[in-house]
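> When we follow our numbering, the leftmost residue of the sequence shown carries the number 736, and every step to the right adds one.
By construction, the Cβ of each residue, glycine as well, lies at the ideal position given by its N, Cα and C atoms.
Bear in mind that the values here come from a model prediction, so they are computed numbers and not experimental data.
Okay, handing you the structure first.
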Amino acid sequence: MKTSGGSDAAKRRAGESAAEAVADGDVVGLGTGSTAAHAIRRLGDRVDSGLDVRGVATSFASRELAADCGIPLLDLDEAVGPDAPGIDVAIDGADQVAVGGEGDETGSDAADIGVGALIKGGGAAHAREKLVDAAADRFLVVADPSKETPLLDRSVPVEVLSAGRSAVAEAVRAAGGEPTLRRAERKDGPVVTDNGNLVLDCAFGEIDDPDALATRLATTPGVVEHGIFVGLADEVHVGTETGVRVARR
């Protein structure tokens, strides 16, 4: 259930804008998806030019791309914990982001326009993404305008233990949602995450209170992680056809 929409040029501008915020010596969380991939490639170019950074990948795909781009990598356990360097900044995409106001074009200070909650998980990597994004000192979201919305309304990806699929589905229905098992596109059977679990895409319609829904899903037995990210994003870099708009909370 990967999301579509937005030109590749807009995605590239967003990813490259966030990559420029990375400083020498940083440990960087490397997100998953087409827009985050542009950030990883730009970081690879900067590493080739002498930038000293280390990356923490959020998925098999982002690890492979980072390695191809020459970015040295750390495992999450090496980056976070006693005597570990920590994660200075994470760069990741979103399937939908609640943003109010107009923002500022590149070259101006970011505007305080209320970066809200996100929905992630179109690539089924949201469990590891949330670990890395939450651990980072700063989390920069990269997106194109098709991902912006005043109110979240996309289906929420929920990673579940295979044994708990039916029980979680019933809990989602009780919460007012409609769960659908995510099917693989080019193989028979369901999508299996990097963690060996299944994904339910759960339609709730317009989500008036993302925080409350996030808490309800997180406390449901059998749920490994859900795709609502509340209070984590510090900035959103939105690539447009002419530049980049940056919003911050």
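Excluding the 5 residues flanking Asp872 on each side, which residues of the same chain have their C-beta closer than 6 Å to its C-beta?
Your numbering for residue 872 matches position 137 in the sequence shown. Excluding positions up to five away in sequence, the list reads Asp823.
> Just checking my contact of His855 with Gly966 at CB under 8 Å: how many whole Å lie between their CB atoms?
As a working mapping, residue 855 is identified with position 120 in the sequence shown. As a working mapping, residue 966 is identified with position 231 in the sequence shown. Inspection of the sequence shows that residue 855 is occupied by Lys rather than by His. Actually they do not touch by this definition, with Cβ atoms about 14 Å apart.
> Count the other CB atoms within 10 Å of the CB of Asp879; is the residue buried (16 or more) or exposed (fewer)?
Reading the sequence shown from its first residue, position 144 is the one you call residue 879. With 16 or more Cβ atoms within 10 Å of its Cβ, Asp879 is classed as buried.
> Report the three-state DSSP secondary structure of Asp839 (helix, strand or coil).
For the purposes of this step, residue 839 is identified with residue 104 of the sequence shown, where counting begins at 1. Model confidence at Asp839 stands at a pLDDT of 46, short of 50, so the residue's coordinates are unreliable and nothing is read from them.
> Which of helix, strand or coil does DSSP assign to Phe874?
Translated into the one-based positions of the sequence shown, residue 874 becomes position 139. Strand.
> Quick one, which of Thr928, Val903, Ser881 and Gly940 has its alpha-carbon nearest Ser890's?
Stepping through the sequence shown from its first residue, residue 890 is reached at position 155. If we check each option's Cα against that of Ser890, Gly940 comes out closest.
> Could you pull the start and end residues of the beta strand (DSSP E) that Val891 belongs to?
Here residue 891 refers to the residue found at position 156 when the sequence shown is read from its first residue. Val891 -> beta strand (DSSP E) spans Val891 to Val895.
> What residue does the alpha helix (DSSP H) around Val832 start on, and which one ends it?
Here residue 832 refers to the residue found at position 97 when the sequence shown is read from its first residue. That residue, Val832, is in no alpha helix (DSSP H); its beta strand (DSSP E) goes Gln831 to Val834.
> Using the C-alpha atoms, what's the distance from Leu800 back to Asp701?
Given that the chain is displayed from residue 736 to residue 984, the structure contains no residue 701 and the question cannot be resolved.
> What residues in its chain sit with their C-beta under 6 Å from that of Leu690, if we drop five residues either side in the sequence?
Residue 690 falls outside the range modelled here, since the chain spans only 736 to 984, and no answer is possible.
> Using a Cβ-Cβ cut-off of 6 Å (strictly less than) and excluding sequence neighbours within five positions of Val934, which residues of its own chain qualify?
Residue mapping note: residue 934 aligns to position 199 of the sequence shown, counting from 1. Contacts found: Ala859, Pro892, Glu894, Arg917 and Val926.
> Do the region 749 to 757 and the region 812 to 819 make contact, defined as three or more Cβ pairs closer than 8 Å?
Because the criterion of three Cβ pairs below 8 Å is not met, the region 749 to 757 and the region 812 to 819 do not touch.
> With respect to the alpha helix (DSSP H) encompassing Gly750, which residues constitute its N-terminal and C-terminal limits?
Indexing the sequence shown from 1 puts residue 750 at position 15. Per DSSP, Gly750 belongs to the alpha helix (DSSP H) from Asp743 to Ala754.
> Could you tell me how far apart the beta carbons of Val1031 and Lys865 are, in whole angstroms, since I believe they sit closer than 8 Å?
Within the shown structure, residues of the chain are numbered from 736 to 984, placing residue 1031 beyond reach of any answer.
> Reducing DSSP to helix, strand and coil, say where Gly764 ends up.
One-based indexing of the sequence shown puts residue 764 at position 29. Strand at Gly764.
> In three-state DSSP terms, what is Ile775?
For the purposes of this step, residue 775 is taken as the residue at position 40 of the sequence shown. Looking at Ile775 - three-state DSSP - the assignment turns out to be helix.
> Within 10 angstroms of its Cβ, does Glu960 collect 16 or more other Cβ (buried), or is it exposed?
For the purposes of this step, residue 960 is identified with residue 225 of the sequence shown, where counting begins at 1. When all chains shown are included, Glu960 counts as buried.
> At a cut-off of 8 Å, is Asp969 close to the ligand GDP when judged by its beta-carbon and the heavy atoms of the ligand?
Absent from the structure shown: the ligand GDP. Ligands present: none.
> In the DSSP output, what is Val934 paired with across the bridge?
Start at 1 with the first residue of the sequence shown, and residue 934 comes out as number 199. Per DSSP, Glu894.
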